[in-house]
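Read the structure below first, then the notes.
Protein chains: 2
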Amino acid sequence: MTKNKLEITDTTTGEKIKEAARKVFTKKGYAATRTRDIAEEAGINLALLNYYFRSKEKLFDIVMRENMQQLLIGLRSVLYNETTTLLHKIKAIVSNYINLLRKHPDLPLFILSEIKANPDKFAMNIGARTLLLKSHFFKQVKETGKGKINPIQIIINIIGLTVFPFIASPLLKHVGDLNQKEFDALMKERKKMIPIWINGMLKVK
Amino acid sequence: MTKNKLEITDTTTGEKIKEAARKVFTKKGYAATRTRDIAEEAGINLALLNYYFRSKEKLFDIVMRENMQQLLIGLRSVLYNETTTLLHKIKAIVSNYINLLRKHPDLPLFILSEIKANPDKFAMNIGARTLLLKSHFFKQVKETGKGKINPIQIIINIIGLTVFPFIASPLLKHVGDLNQKEFDALMKERKKMIPIWINGMLKVK
DNA sequence: GTCTATAATTCGATAGAC
DNA sequence: GTCTATCGAATTATAGAC
Chain A
12 MTKNKLEITD
22 TTTGEKIKEA
32 ARKVFTKKGY
42 AATRTRDIAE
52 EAGINLALLN
62 YYFRSKEKLF
72 DIVMRENMQQ
82 LLIGLRSVLY
92 NETTTLLHKI
102 KAIVSNYINL
112 LRKHPDLPLF
122 ILSEIKANPD
132 KFAMNIGART
142 LLLKSHFFKQ
152 VKETGKGKIN
162 PIQIIINIIG
172 LTVFPFIASP
182 LLKHVGDLNQ
192 KEFDALMKER
202 KKMIPIWING
212 MLKVK
Chain B
12 MTKNKLEITD
22 TTTGEKIKEA
32 ARKVFTKKGY
42 AATRTRDIAE
52 EAGINLALLN
62 YYFRSKEKLF
72 DIVMRENMQQ
82 LLIGLRSVLY
92 NETTTLLHKI
102 KAIVSNYINL
112 LRKHPDLPLF
122 ILSEIKANPD
132 KFAMNIGART
142 LLLKSHFFKQ
152 VKETGKGKIN
162 PIQIIINIIG
172 LTVFPFIASP
182 LLKHVGDLNQ
192 KEFDALMKER
202 KKMIPIWING
212 MLKVK
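Top to bottom, those sequences are chains A and B. Positions 12 to 216 (our numbering) are the ones given, in order, by the first sequence. Positions 12 to 216 (our numbering) are the ones given, in order, by the second sequence.
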């Protein structure tokens, strides 16, 4: 939730290639990406790409690892803070992720597609699981819902309400007849509304 | 919301190939799919696939068109029914889509990925837009929210809460430590809960 | 209609000069 | 480190026999 690694503009050749790879992979997915496109985007030669990263797959793994880290950076400090209210945490999570996704709208669809395409590669360390399940945040959700609602459902809703519009943006823009500016305004409004909606879910019934 | 075209088991060779193509395309995406895989899945030869459908892309277009239709079948009759309440419509939409997605969980991620990869190909007829915007359902959402809430936000939420868990299921199963059976139980529960949550959103604030 | 064999192309990766 | 040129594998598509 702090600094944005995806925006560092390093000038070394290796970094130039990685940034080009991130851009092309994220836009087209692993299978549809040609290493030639990455080389062109980076303004270097195809051979040089293999010189630096040995193979398409190794380059992909590095880029993807950094993408995942990007999404988790700062999350722990929010989830495990024992001095803030649940509502405060929800506001922080939603607001920070919407800010991030407005800068990198292709990220979630890309990551979820690649996880589905290769679940074993992302057979994540138990850490990702415990990060959520052992957190103070999770306890707060459980307590606030007090047996009336499965906390997992609330987690799904927070993430879904936040992330889904970016995943479906081409569709939403079309059926909702929205241009980029209007879409962006909707996302800004959601930063305010999602915590209110979630709060309602925790009290309903 | 009625019959399920994806489940028709036609015995003609053309249909066998189409069903195999749907299965492989949906699982792996267009770029990662090899026509050889489709042929093998269909139990026929690679040459025969081209004999029937001329090219990988033409076969894909046909399958995708049917997939999209599948998602819209029966929707019009719900959206334009002037005799049912808004809550009743929401229940019908959510329940029917969750039922469909439990049978075809890969469908949304596949379709949204391919739309993003090739937005021009899906430059849909104005029909898809007006189907929603001119509907009685949309009027009801607008009225019920009475200026306090943008109806588009509510639409996003209905679809997002319904579809997102299927898009993110590999991730959810991992971080939530859920097996398929538990995941399925959550989705069943959401059929009941989503209309309640949406109802809360329409009254809040 | 269905098959085997192969042409034609694309793409990841490497050899080798500078 | 960086380039040009090319190899070799994979893949779509087709030719031609049955």
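C-beta: ideal position from N, C-alpha, C; glycine also.
Chain B within 8 Å of residue i, Cβ atoms only
{"i": "A:I167", "result": "yes"}
{"i": "A:M212", "result": "yes"}
{"i": "A:S124", "result": "yes"}
{"i": "A:K14", "result": "Residue placement at A:K14 is poorly supported in this model, since its pLDDT is 46, which falls under 50; the coordinates are not used for a value here."}
{"i": "A:L83", "result": "no"}
{"i": "A:G187", "result": "yes"}
{"i": "A:K127", "result": "yes"}
{"i": "A:Q164", "result": "yes"}
{"i": "A:E30", "result": "no"}
{"i": "A:V105", "result": "no"}
{"i": "A:E52", "result": "no"}
{"i": "A:G40", "result": "yes"}
{"i": "A:I207", "result": "yes"}
{"i": "A:E200", "result": "yes"}
{"i": "A:R33", "result": "no"}
{"i": "A:L70", "result": "no"}
{"i": "A:A139", "result": "yes"}
{"i": "A:L86", "result": "no"}
{"i": "A:A58", "result": "no"}
Sequence-distant residues of the same chain with beta carbon closer than 8 Å to residue i, five excluded per side
{"i": "B:K184", "result": "N190, Q191, F194"}
{"i": "B:R201", "result": "V105, I109, L172, T173, P176"}
Contact with chain A by residue i, beta-carbon distance below 8 Å
{"i": "B:P176", "result": "yes"}
{"i": "B:G171", "result": "yes"}
{"i": "B:M75", "result": "no"}
{"i": "B:L183", "result": "yes"}
{"i": "B:L90", "result": "no"}
{"i": "B:E79", "result": "Here the sequence assigns Met to residue 79 of chain B, which means Glu is not the residue at that position. It does not: the Cβ of B:M79 has no partner Cβ on chain A nearer than 8 Å."}
{"i": "B:P130", "result": "yes"}
{"i": "B:L112", "result": "no"}
{"i": "B:V215", "result": "yes"}
{"i": "B:L97", "result": "no"}
Beta-carbon contacts of residue i that lie in its chain and below 7 Å, excluding the five residues immediately before and after
{"i": "B:A53", "result": "K27, I28, A31"}
{"i": "A:T13", "result": "In this prediction, A:T13 scores a pLDDT of 46, lower than 50, which makes its location untrustworthy; the coordinate-derived value is nonetheless stated afterwards. Closer than 7 Å at Cβ, skipping near neighbours: I84, G85."}
{"i": "B:S180", "result": "P116, F194"}
{"i": "A:M75", "result": "E125"}
Extent of the continuous alpha helix (DSSP H) to which residue i belongs
{"i": "B:P181", "result": "180 to 186"}
{"i": "B:K127", "result": "118 to 128"}
{"i": "B:K153", "result": "147 to 156"}
{"i": "A:G211", "result": "191 to 214"}
{"i": "A:H99", "result": "97 to 114"}
{"i": "B:N78", "result": "67 to 83"}
{"i": "B:E93", "result": "That residue, B:E93, is in no alpha helix (DSSP H); it is neither H nor E in DSSP."}
{"i": "A:D48", "result": "46 to 53"}
{"i": "A:Y63", "result": "57 to 64"}
{"i": "B:G138", "result": "137 to 144"}
{"i": "B:T37", "result": "24 to 39"}
Contacts around residue i, its chain only, beta-carbon distance under 6 Å, and the 5 residues preceding and following it disregarded
{"i": "A:L70", "result": "A32, F64"}
{"i": "A:G25", "result": "Y63"}
{"i": "A:K153", "result": "P162"}
{"i": "A:V174", "result": "P119"}
{"i": "B:I178", "result": "P119, L120"}
{"i": "A:K67", "result": "T46"}
{"i": "B:T23", "result": "none"}
{"i": "A:T44", "result": "V35, F36"}
Under 8 Å between C-beta atoms of residue i and residue j
{"i": "B:I78", "j": "B:I122", "result": "Note that residue 78 of chain B is Asn in the sequence shown, not Ile. Taking 8 Å as the Cβ cut-off, B:N78 and B:I122 qualify as a contacting pair."}
{"i": "B:V186", "j": "A:A128", "result": "no"}
{"i": "A:H147", "j": "A:N107", "result": "no"}
{"i": "B:L9", "j": "B:R87", "result": "What the structure shows of chain B is the stretch from 12 to 216, and residue 9 of chain B is not part of that stretch, so it cannot be assessed."}
{"i": "B:M198", "j": "B:R113", "result": "yes"}
{"i": "B:L97", "j": "B:T155", "result": "yes"}
{"i": "B:I109", "j": "B:V89", "result": "no"}
{"i": "A:L172", "j": "B:G171", "result": "yes"}
{"i": "B:D48", "j": "B:V35", "result": "yes"}
{"i": "B:G158", "j": "A:A42", "result": "no"}
{"i": "A:L213", "j": "A:I137", "result": "no"}
{"i": "A:I126", "j": "B:L182", "result": "yes"}
{"i": "A:V215", "j": "B:I207", "result": "yes"}
Proximity test, residue i beta-carbon vs the ligand NAD heavy atom, cut-off 7 Å
{"i": "A:I170", "result": "Ligands in the displayed structure: none, and consequently the ligand NAD is not present."}
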